[in-house]
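For reference, the structure is listed below as structure tokens.
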Amino acid sequence: MTVILEAAAGLCLLYYGGIVLSTGFSVSFSLFWPFCAALFGFLAAGRHYYLNHREEIPVWPVVSAVTVLGAAAAVIAVVLVLIGTGILTSTKKSMDYVIVLGAKVNGTEPSNSLKKRLDRAIDYAENNPNTFLVLSGGQGKDEEIAEAEVMYEYLRYNGVPETQLLLETRSTNTRENIRYSLEVIRSQEQWKERVFQQIFKEVGENAYAPGDELDSIHIGILTSDFHLFRAKAIAKKQGVRNVYGISAPSDPLLIPNLWLRECFAILKDKFMGNI
Numbered sequence: 123m124t125v126i127l128e129a130a131a132g133l134c135l136l137y138y139g140g141i142v143l144s145t146g147f148s149v150s151f152s153l154f155w156p157f158c159a160a161l162f163g164f165l166a167a168g169r170h171y172y173l174n175h176r177e178e179i180p181v182w183p184v185v186s187a188v189t190v191l192g193a194a195a196a197v198i199a200v201v202l203v204l205i206g207t208g209i210l211t212s213t214k215k216s217m218d219y220v221i222v223l224g225a226k227v228n229g230t231e232p233s234n235s236l237k238k239r240l241d242r243a244i245d246y247a248e249n250n251p252n253t254f255l256v257l258s259g260g261q262g263k264d265e266e267i268a269e270a271e272v273m274y275e276y277l278r279y280n281g282v283p284e285t286q287l288l289l290e291t292r293s294t295n296t297r298e299n300i301r302y303s304l305e306v307i308r309s310q311e312q313w314k315e316r317v318f319q320q321i322f323k324e325v326g327e328n329a330y331a332p333g334d335e336l337d338s339i340h341i342g343i344l345t346s347d348f349h350l351f352r353a354k355a356i357a358k359k360q361g362v363r364n365v366y367g368i369s370a371p372s373d374p375l376l377i378p379n380l381w382l383r384e385c386f387a388i389l390k391d392k393f394m395g396n397i
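Just so we're aligned, residue 123 is where the sequence shown starts under our numbering, counting upward by one.
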């Protein structure tokens with residue numbers, strides 16, 4: 123067991139080194155890996171000390187530590203499975219709206235993560251020309267421009283019609299992405315309702331009277347694969363019945379980092395009542 127713990131510490135350090143060499147020091151949550159390396163190293167040293175001083179150390183601290191670590195590992199394992207189930211969802215065709223979640227931008231250019239989402243959005247828009255894309259993302263503290271505006275320019279440059287795009291530029295996190303995007307969708311549906319009412323009025327028919335906007339439409343959420351479970355759960359919490367996922371690929375090197383970061387984000391949102 124001591125050897126396994128030492129090997130785990132070494133692997134964590136190697137992985138952190140790979141992240142730094144590949145993408146630099148700017149990757150969110152990457153410091154988790156040297157922390158894990160230190161934790162595994164501490165556990166290895168602690169176990170070695172315990173095996174050589176069993177008679178001097180009471181049992182309860184050891185049992186307590188093993189119980190806490192085991193429970194934490196079990197929770198993380200369950201959440202990882204949930205993240206995996208989000209990735210396995212199939213894409214629905216011809217949805218009414220697809221909310222494209224933003225990600226970091228570099229100046230006026232999309233980051234690699236955001237570019238993968240946008241390329242997936244282009245593919246969906248080409249095959250589903252009647253679907254509106256809601257581009258969701260505000261301006262971060264270290265960003266020159268709102269993410270949605272960068273997304274808009276990228277999609278327009280790559281041939282997506284302006285009439286197919288709606289912008290949401292206020293959000294700063296996933297919960298706000300969904301909330302404010304739903305406001306955009308409701309506004310669009312209300313505009314369509316007024317148009318239909320005017321048409322029916324002009325032809326002398328009864329007024330067009332649809333039901334609740336979100337009950338009668340199909341909404342997709344397009345984001346990175348690891349992010350789909352949480353995004354859909356937040357949407358359902360906010361009252362969206364017909365919600366579907368569209369996944370964009372992640373950088374293979376960053377998958378362990380992204381998935382573990384998402385674990386803690388899911389637990390936080392659950393604690394905060396967002397899912």
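Glycine residues also receive a C-beta, built at the ideal position from the N, C-alpha and C atoms.
Is the beta carbon of residue i less than 8 Å from the beta carbon of residue j?
i	j	result
residue 258	residue 219	no
residue 310	residue 386	no
residue 396	residue 297	yes
residue 272	residue 231	yes
residue 243	residue 161	no
residue 148	residue 239	no
residue 372	residue 350	no
residue 341	residue 306	no
residue 127	residue 166	yes
residue 336	residue 363	yes
residue 291	residue 262	no
residue 170	residue 124	yes
residue 152	residue 375	no
residue 270	residue 229	no
residue 205	residue 381	yes
residue 227	residue 198	no
residue 163	residue 131	yes
residue 383	residue 150	yes
residue 389	residue 201	yes
residue 288	residue 325	no
Could you check if residue i is buried or exposed, using at least 16 other CB atoms within 10 Å of its CB as the buried criterion?
i	result
residue 355	buried
residue 249	exposed
residue 379	buried
residue 299	buried
residue 217	buried
residue 352	buried
residue 182	exposed
residue 367	buried
residue 274	buried
residue 190	exposed
residue 293	buried
residue 173	exposed
residue 186	exposed
residue 235	buried
residue 129	exposed
residue 141	buried
residue 210	exposed
residue 157	exposed
residue 221	buried
residue 357	buried
residue 159	buried
For residue i, report the span of its alpha helix (DSSP H) as first-last.
i	result
residue 199	181–209
residue 173	154–174
residue 379	377–394
residue 265	Taken as a continuous stretch (DSSP letters only), residue 265 belongs to no alpha helix (DSSP H), as it is neither H nor E.
residue 177	Element bounds for residue 177: n/a, residue is neither H nor E.
residue 325	Careful: residue 325 lies outside any alpha helix (DSSP H) and carries neither H nor E.
residue 272	269–279
Where does the unbroken beta strand (DSSP E) through residue i begin, and where does it stop?
i	result
residue 290	287–290
residue 417	No answer is possible for residue 417: the residues shown for the chain start at 123 and end at 397.
Give me the DSSP bridge partner(s) of residue i.
i	result
residue 231	228
residue 317	None; residue 317 has no bridge partner.
residue 255	220, 287
What are the complete beta strand (DSSP E) segments, minimum 3 residues, inside the region 327–374?
Restricting attention to beta strand (DSSP E) runs no shorter than 3 residues, the region 327–374 encloses them at 341–346, 365–370, ordered along the chain.
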